[in-house]
Amino acid sequence: MNTINVQNIMLQDCWQALLREEFQKPYFKELFEFLEAEVSNGTEIYPPMPMIFNALKLTRFDDIKVVILGQDPYHGPNQAHGLAFSVPRGVGKPPSLKNIFKELHNDLEIPEPAHGDLHSWAEQGVLLLNATLTVQAARAGSHQNKGWELFTDKIIQTINDRKENVVFVLWGSLAQKKGAFIDRSKHFVLESAHPSPLSAYRGFLGSKPFSKINSYLQQNHQKPIDWTIPS
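Here is the structure:
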């Protein structure tokens, strides 16, 4: 992982302007000091530094139509690349992602793709945001309560306040707690069980989220998402 420096965070101008004050807050500087210490101690962190903010780099604020909230980045080798639930091409699809694709097929009859890279969703305005943007290798939840949650709460609050008719997808209790303050009078909130194999059969499978998202977008004069994953 590259050396970490708060001053070197390069985002698109819209995000840079919206989050500039956040980058200067004590908690954010302490968060990066913590990450710097992790790296200095030889701890392997996922995703690699250039990918930590991929969700914000790939989805412009003005383009956001959908927010899908995840929890931690994947903590296995080569899995995490800065997009919730997504893995790079050539990396095996984790169980939760397999269930997402299973429901996608059930909902819209889209065949399961050969890979799990969700870049095409992000580029259409689907913000794939994890609550925590880094994790230690092989240690799920290891970077929780270090400051990332405050930062991602700020992102969600900014979207909530400054935009209208956004679909917030909250899979599982943790995502639902994080999205509790979303104004449902001007946004559409979809909630169900998490796609994890431990809970997918308790309400995720069969929930048809993808068609519901597109129906809402069309009702509000927005272009629907093409959920097909290019080969």
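So for the sequence shown, my numbering puts the first residue at 4; every next one is plus one. Note that CB positions come from ideal geometry on N, CA and C, so glycine has one too.
For residue i, is the classification buried or exposed, using 16 other Cβ atoms within 10 angstroms of its Cβ as the cut-off for buried?
i: Asn217; result: buried
i: Asn5; result: Because Asn5 carries a pLDDT of 49, less than 50, the predicted location of this residue cannot be relied on, and no value is offered for it.
i: Gly45; result: exposed
i: Pro201; result: Correcting the residue type first, residue 201 is Leu in the shown sequence and not Pro. When all chains shown are included, Leu201 counts as exposed.
i: Ala87; result: buried
i: Arg23; result: exposed
i: Pro114; result: exposed
i: Gly182; result: buried
i: Ser214; result: exposed
i: Pro53; result: exposed
Can you tell me where the alpha helix (DSSP H) holding residue i begins and where it ends?
i: Ser123; result: 122 to 125
i: Glu194; result: Glu194 -> not in any alpha helix (DSSP H); beta strand (DSSP E) instead, spanning 191 to 195.
i: Asn163; result: 151 to 165
i: Gln179; result: 176 to 181
i: Leu101; result: Reading off the sequence, residue 101 comes out as Lys, not Leu. Run containing Lys101: 98 to 111, per the alpha helix (DSSP H) assignment.
i: Asn57; result: 57 to 61
Of the choices the options, whose alpha-carbon is the least far from that of residue i?
i: Gln74; options: Gln147, Asn168, Ala183; result: Gln147
i: Ser176; options: Lys211, Phe37, Ala134, Arg142; result: Ala134
i: Ile232; options: Ser210, Pro98, Leu132, Asp120; result: Asp120
i: Phe184; options: Asn163, Ala58, Ala196, Val90; result: Asn163
i: Leu21; options: Ala83, Phe104, Gly79, Leu59; result: Leu59
i: Leu208; options: Phe104, Glu25, Gly95; result: Phe104
i: Ala141; options: Ala40, Met52, Phe56, Asn81; result: Asn81
i: Gln179; options: Leu14, Gln127, Leu72; result: Leu72
Which residues does DSSP pair with residue i in a beta bridge?
i: Phe171; result: Val70, Val192
i: Gln225; result: Paired residues: none, contrary to the question.
i: Gln27; result: Gln27 pairs with nothing; no bridge assigned.
i: Arg142; result: Gln139
i: Tyr49; result: Val138
When you compare the CB of residue i with every CB in chain D, is at least one pair closer than 9 Å?
i: Ser202; result: Here there is only one protein chain, and chain D is not present.
Return the first residue and the last residue of the beta strand (DSSP E) that residue i is part of.
i: Val129; result: 129 to 133
Using 8 Å for Cβ pairs, my map puts residue i next to residue j. What's the rounded Cβ distance?
i: Pro76; j: Val138; result: 5 Å
i: Gly144; j: Leu34; result: So it is not a contact: roughly 16 Å between Cβ atoms.
i: Val170; j: Val69; result: 5 Å
i: His197; j: Trp174; result: 5 Å
I'd like to confirm something about residue i: is its beta-carbon nearer than 8 Å to some heavy atom of the ligand MG, or not?
i: Tyr77; result: Looking at this structure, you won't find the ligand MG or any other ligand, since it has none at all.
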